[in-house]
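Data block below; observations after.
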Amino acid sequence: MDTARHILVVAFTRADDCQLVPAYDPMQFDTEGDATRMARSLAASCAGVLAWSRDADADTGTYGPPTILFQSGDVPEME
273 MDTARHILVV AFTRADDCQL VPAYDPMQFD TEGDATRMAR SLAASCAGVL
323 AWSRDADADT GTYGPPTILF QSGDVPEME
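Residue numbers (this note's numbering): 273 to 351.
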(Lines of atoms letter the chains of each structure in order from A and count residues from 1; the text may use other names and numbers.)
(Lines give C-alpha, C1' and ligand atoms only; values in the text may rest on other atoms or scores of the structure.)
Protein backbone atom coordinates (compact mmCIF):
# COMPACT_ATOMS: atom_id res chain seq x y z
CA MET A 1 0.00 0.00 0.00
CA ASP A 2 1.51 3.30 -1.14
CA THR A 3 0.00 6.12 0.94
CA ALA A 4 0.71 9.81 0.74
CA ARG A 5 -0.49 12.66 2.91
CA HIS A 6 -1.96 15.66 1.13
CA ILE A 7 -1.77 18.90 3.13
CA LEU A 8 -3.67 21.83 1.66
CA VAL A 9 -4.77 25.38 2.36
CA VAL A 10 -7.75 26.94 0.62
CA ALA A 11 -8.80 30.56 1.08
CA PHE A 12 -12.11 32.18 0.17
CA THR A 13 -13.43 35.64 -0.57
CA ARG A 14 -16.95 36.83 -1.27
CA ALA A 15 -18.13 37.59 -4.81
CA ASP A 16 -20.43 40.54 -5.57
CA ASP A 17 -23.43 38.28 -4.94
CA CYS A 18 -22.00 37.37 -1.49
CA GLN A 19 -21.21 33.77 -2.52
CA LEU A 20 -17.95 32.26 -1.30
CA VAL A 21 -15.42 31.83 -4.09
CA PRO A 22 -11.79 30.68 -3.99
CA ALA A 23 -9.43 33.59 -3.38
CA TYR A 24 -6.45 31.61 -4.75
CA ASP A 25 -5.72 28.20 -6.19
CA PRO A 26 -5.42 25.57 -3.42
CA MET A 27 -1.92 25.54 -1.95
CA GLN A 28 -0.16 22.27 -1.10
CA PHE A 29 2.41 22.05 1.71
CA ASP A 30 4.98 19.53 2.91
CA THR A 31 4.17 19.93 6.62
CA GLU A 32 1.08 20.60 8.69
CA GLY A 33 2.96 23.38 10.50
CA ASP A 34 3.70 25.23 7.26
CA ALA A 35 0.07 24.91 6.16
CA THR A 36 -1.22 26.18 9.50
CA ARG A 37 1.13 29.19 9.44
CA MET A 38 0.00 30.13 5.93
CA ALA A 39 -3.67 29.72 6.85
CA ARG A 40 -3.27 31.95 9.91
CA SER A 41 -1.58 34.58 7.76
CA LEU A 42 -4.35 34.50 5.13
CA ALA A 43 -7.11 34.65 7.76
CA ALA A 44 -6.51 38.38 8.26
CA SER A 45 -7.38 39.21 4.64
CA CYS A 46 -9.82 36.49 3.50
CA ALA A 47 -13.48 35.78 4.25
CA GLY A 48 -12.52 32.24 5.19
CA VAL A 49 -9.52 29.93 5.31
CA LEU A 50 -9.23 26.18 5.74
CA ALA A 51 -6.08 24.11 6.24
CA TRP A 52 -6.57 20.36 6.13
CA SER A 53 -4.82 17.08 5.50
CA ARG A 54 -5.93 13.77 4.05
CA ASP A 55 -4.20 10.46 3.41
CA ALA A 56 -4.44 8.99 -0.07
CA ASP A 57 -3.80 5.43 -1.20
CA ALA A 58 -2.12 5.65 -4.60
CA ASP A 59 -2.73 1.95 -5.30
CA THR A 60 -6.51 2.14 -4.96
CA GLY A 61 -7.12 5.86 -5.58
CA THR A 62 -9.02 6.18 -2.30
CA TYR A 63 -8.80 8.98 0.23
CA GLY A 64 -9.13 8.92 3.98
CA PRO A 65 -11.26 11.38 5.91
CA PRO A 66 -10.04 14.98 6.03
CA THR A 67 -8.46 16.31 9.21
CA ILE A 68 -8.99 20.03 9.75
CA LEU A 69 -5.78 21.72 10.91
CA PHE A 70 -7.05 25.31 10.98
CA GLN A 71 -10.33 26.98 10.12
CA SER A 72 -11.25 30.66 10.22
CA GLY A 73 -14.23 32.63 8.97
CA ASP A 74 -16.74 31.32 6.45
CA VAL A 75 -15.82 28.15 4.55
CA PRO A 76 -17.93 25.66 2.59
CA GLU A 77 -18.77 22.26 4.07
CA MET A 78 -16.07 19.63 3.54
CA GLU A 79 -17.16 16.60 1.52
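For glycine and all other residues, C-beta sits at the position ideal for the given N, C-alpha and C.
Pair within 8 Å by beta-carbon distance, T308 and F284: no
Nearest residue (CA-CA) to I279, options A295, P337, A316: P337
C370 classed as buried or exposed, judged by whether at least 16 other C-beta atoms fall within 10 angstroms: Within the shown structure, residues of the chain are numbered from 273 to 351, placing residue 370 beyond reach of any answer.
V293 - partner residues in DSSP beta bridges: T285
Whether D274 touches D331 by CB criterion (8 Å): yes
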